[in-house]
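There are 2 protein chains.
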Amino acid sequence: MQDHFTHVQCSDCPIRHRAVCARCDADELAQLEQMKYYRSFQAGQAIIWSGDRMEFVGSVVSGIATLTQTMEDGRRQMVGLLLPSDFVGRPGRSSVAFDVTATTDLVMCCFRKKPFEDMMSTTPHIAQRLLEMTLDELDAAREWMLILGRKTAREKIASLIAIIARREAGLRKRRPQGMLSVDLPLTREEMADYLGLTLETVSRQISALRKDGVIVLEGNRHVSIPDIDRLLEEAGDDSDGGMLV
Amino acid sequence: MQDHFTHVQCSDCPIRHRAVCARCDADELAQLEQMKYYRSFQAGQAIIWSGDRMEFVGSVVSGIATLTQTMEDGRRQMVGLLLPSDFVGRPGRSSVAFDVTATTDLVMCCFRKKPFEDMMSTTPHIAQRLLEMTLDELDAAREWMLILGRKTAREKIASLIAIIARREAGLRKRRPQGMLSVDLPLTREEMADYLGLTLETVSRQISALRKDGVIVLEGNRHVSIPDIDRLLEEAGDDSDGGMLV
DNA sequence: TCCATTCCTTGACGCAGATCAAGAGCCAAA
DNA sequence: TTTGGCTCTTGATCTGCGTCAAGGAATGGA
Numbered sequence: 083m084q085d086h087f088t089h090v091q092c093s094d095c096p097i098r099h100r101a102v103c104a105r106c107d108a109d110e111l112a113q114l115e116q117m118k119y120y121r122s123f124q125a126g127q128a129i130i131w132s133g134d135r136m137e138f139v140g141s142v143v144s145g146i147a148t149l150t151q152t153m154e155d156g157r158r159q160m161v162g163l164l165l166p167s168d169f170v171g172r173p174g175r176s177s178v179a180f181d182v183t184a185t186t187d188l189v190m191c192c193f194r195k196k197p198f199e200d201m202m203s204t205t206p207h208i209a210q211r212l213l214e215m216t217l218d219e220l221d222a223a224r225e226w227m228l229i230l231g232r233k234t235a236r237e238k239i240a241s242l243i244a245i246i247a248r249r250e251a252g253l254r255k256r257r258p259q260g261m262l263s264v265d266l267p268l269t270r271e272e273m274a275d276y277l278g279l280t281l282e283t284v285s286r287q288i289s290a291l292r293k294d295g296v297i298v299l300e301g302n303r304h305v306s307i308p309d310i311d312r313l314l315e316e317a318g319d320d321s322d323g324g325m326l327v
Numbered sequence: 083m084q085d086h087f088t089h090v091q092c093s094d095c096p097i098r099h100r101a102v103c104a105r106c107d108a109d110e111l112a113q114l115e116q117m118k119y120y121r122s123f124q125a126g127q128a129i130i131w132s133g134d135r136m137e138f139v140g141s142v143v144s145g146i147a148t149l150t151q152t153m154e155d156g157r158r159q160m161v162g163l164l165l166p167s168d169f170v171g172r173p174g175r176s177s178v179a180f181d182v183t184a185t186t187d188l189v190m191c192c193f194r195k196k197p198f199e200d201m202m203s204t205t206p207h208i209a210q211r212l213l214e215m216t217l218d219e220l221d222a223a224r225e226w227m228l229i230l231g232r233k234t235a236r237e238k239i240a241s242l243i244a245i246i247a248r249r250e251a252g253l254r255k256r257r258p259q260g261m262l263s264v265d266l267p268l269t270r271e272e273m274a275d276y277l278g279l280t281l282e283t284v285s286r287q288i289s290a291l292r293k294d295g296v297i298v299l300e301g302n303r304h305v306s307i308p309d310i311d312r313l314l315e316e317a318g319d320d321s322d323g324g325m326l327v
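Heads up: the sequence lines are chains A and B, in that order.
If you use the numbering used here, the first sequence corresponds to residues 83 to 327, in order.
If you use the numbering used here, the second sequence corresponds to residues 83 to 327, in order.
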């Protein structure tokens with residue numbers, strides 16, 4: 083069931099052109115090839131706990147992970163959603179501030195932290211790409227803050243579906259044709275943690291969007307979107323801001 | 083009233099050791115010195131509008147700016163708070179996604195975008211420092227997401243005061259002695275935009291924290307904190323997480 | 001000195017979303 | 001086939017915060 087990835091050549095890697103190594107040339111890739119190793123995680127398994135000493139950094143190759151923060155009384159907020167090619171870990175700091183958890187079976191391409199940091203200081207291509215990725219994440223976090231702070235429950239759900247559709251579209255090569263459709267990679271509870279809601283409210287709002295014809299459900303997890311502009315309108319986004327398609 | 087900053091030597095600059103230029107050596111500083119210029123903004127004045135073409139990047143030298151996002155119907159969320167030494171602008175992208183506004187009189191040290199980008203690609207010290215600063219901002223954004231998504235109004239206010247106290251403490255050299263005290267650099271409405279609340283709720287919760295002795299007000303803007311641990315407890319933070327003092 | 005403006009506080013009331021509760025659908029193990 | 005464990009849906013009720021409204025305090029300009 084689970085891919086094995088005992089060792090894949092970087093040149094054959096599915097995330098070769100999107101990950102931290104995207105700008106590396108053949109020499110640099112060979113150097114990374116030396117220090118990398120693959121690691122698999124099962125759905126639900128912790129990758130790192132907040133406060134843990136972290137001995138590696140790396141990229142998600144396949145599967146989905148979440149970054150969450152939990153308060154003492156159990157309230158929980160998701161603060162990052164990691165798809166293939168996303169980077170895990172913070173160079174220059176010994177521990178993480180958030181829990182990282184695999185929500186599906188997942189494979190990571192790991193680098194031991196020290197050699198990677200050393201390489202980063204001598205190889206501008208890596209630091210440059212990591213800066214670019216971090217700036218993108220910061221933009222996404224800020225968009226997310228608007229959702230958390232100011233949007234209604236219905237708008238939050240519509241926004242989440244739009245975001246997932248956009249990210250899925252970005253990962254695939256081909257243009258989506260026909261009706262746009264998305265597999266939600268999260269349970270209702272995880273969506274609630276993403277959006278600062280309860281799982282009951284998530285369920286109710288999904289039902290409401292379905293009744294109103296904004297989305298079509300096939301099973302619990304699969305969503306078709308008859309009219310993407312309608313969805314973006316429900317999300318409260320500028321009609322042009324989507325840059326989807 | 084307003085500082086003039088016609089031209090300050092980098093070596094005398096108050097943010098020399100915290101800004102994007104922190105790691106630059108004398109040569110690199112001389113190069114930056116060539117391309118920099120100062121620009122002043124009045125309280126309330128826009129620095130850049132969302133979507134504008136941006137012809138410069140730069141550092142806040144003195145004063146405070148906010149980064150905000152606004153929905154079509156006027157709902158507004160602050161997504162960044164810029165204090166002296168913070169960086170404005172995104173290398174490698176031609177426009178900004180957020181409104182940047184001076185909330186006090188403010189001085190920026192600006193670099194024209196193109197020469198700065200060119201220098202970044204040849205001077206690792208700048209890209210490295212910018213990466214570090216961006217990672218810090220991302221951490222702050224994620225902490226903020228927990229506040230927006232899961233905290234109560236009272237916890238939000240306590241968290242904001244704690245954050246401002248922490249950042250002010252970071253900017254000053256000397257250890258604060260005696261009772262910790264903070265000047266709120268924001269109006270009630272700006273605090274509301276920061277926290278995803280209304281200004282009325284902000285006002286009510288500040289009054290409540292005052293009545294309960296968690297904070298002491300002197301005027302509307304000045305807050306003293308008799309017991310920082312009590313404040314952090316009210317903020318819902320781990321007692322140890324503060325790293326203040 | 002007076003007035004206008006901006007910022008802040010406080011009260012009354014309503015509603016969106018939380019909480020509490022029950023049960024349905026689905027899958028895997030017994 | 002039954003049982004137990006998830007995940008999800010839906011209903012009833014409660015409550016924290018938003019909304020609407022009025023007025024106070026501070027500041028600056030005429």
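By construction, the Cβ of each residue, glycine as well, lies at the ideal position given by its N, Cα and C atoms.
Ile288/B and Val298/B have their C-alpha atoms roughly 10 Å apart.
Spatial neighbours of Ala317/A in its own chain (CB-CB distance under 6 Å, excluding positions within 5 residues in sequence) are listed in chain order as Glu237, Ala240, Ser241 and Ala244. Annotation for Val305/A: the continuous beta strand (DSSP E) segment containing it runs His304 to Ile307. Under the DSSP assignment, Ala274/B falls in the alpha helix (DSSP H) whose first and last residues are Arg270 to Leu277. In terms of beta-carbon proximity, Ala101/A stays away from the interface with chain B, with every pair separated by 8 Å or more. At a cut-off of 8 Å between beta carbons, Leu213/B contacts chain A. Here Glu300/B carries a strand assignment [DSSP, helix/strand/coil]. For Glu225/A, the closest C-alpha among the options Val143/A, Lys293/A, Val161/A and Thr150/A is that of Val161/A. The shortest CA-to-CA distance from Thr183/B to any of Ala101/B, Met273/B, Leu279/B and Ile146/B is the one to Ile146/B.
Using a CB distance below 7 Å, the part of the region 277 to 289 of chain A facing chain B consists of Gly278, ordered along the chain. Close partners of Met117/B in chain A (Cβ separation under 7 Å) are lacking, with about 20 Å as the shortest Cβ gap.
Interface with chain B (8 Å Cβ-Cβ cutoff): Ala247/A is excluded.
Gly318/B belongs to the set of residues whose beta carbon lies under 8 Å from a beta carbon in chain A. What Pro197/B touches in chain A, judged by beta-carbon distance under 8 Å, is nothing: the nearest beta carbon there is about 17 Å away. At least one C-beta of chain A is nearer than 8 Å to the C-beta of Thr216/B. Contact note: Pro206/A reaches chain B through Ser203, Pro206 and Ala209, using a C-beta cutoff of 8 Å and chain order. Secondary structure note for Phe198/A: its alpha helix (DSSP H) is the uninterrupted segment Lys195 to Thr204.
Taking C-beta separations shorter than 7 Å and ignoring five residues to either side along the sequence, the partners of Arg100/A in its chain run Ser167, following chain order.
Residues of chain A with a Cβ closer than 7 Å to the Cβ of Asp221/B are, in chain order, Ala179. Under the Cβ criterion of 8 Å, Arg157/A is counted among the residues facing chain B. In this structure, the straight-line span from the alpha carbon of Leu164/A to that of Thr280/B is close to 32 Å. Residues of chain B whose Cβ lies closer than 8 Å to the Cβ of Gly162/A are, in chain order, Arg224.
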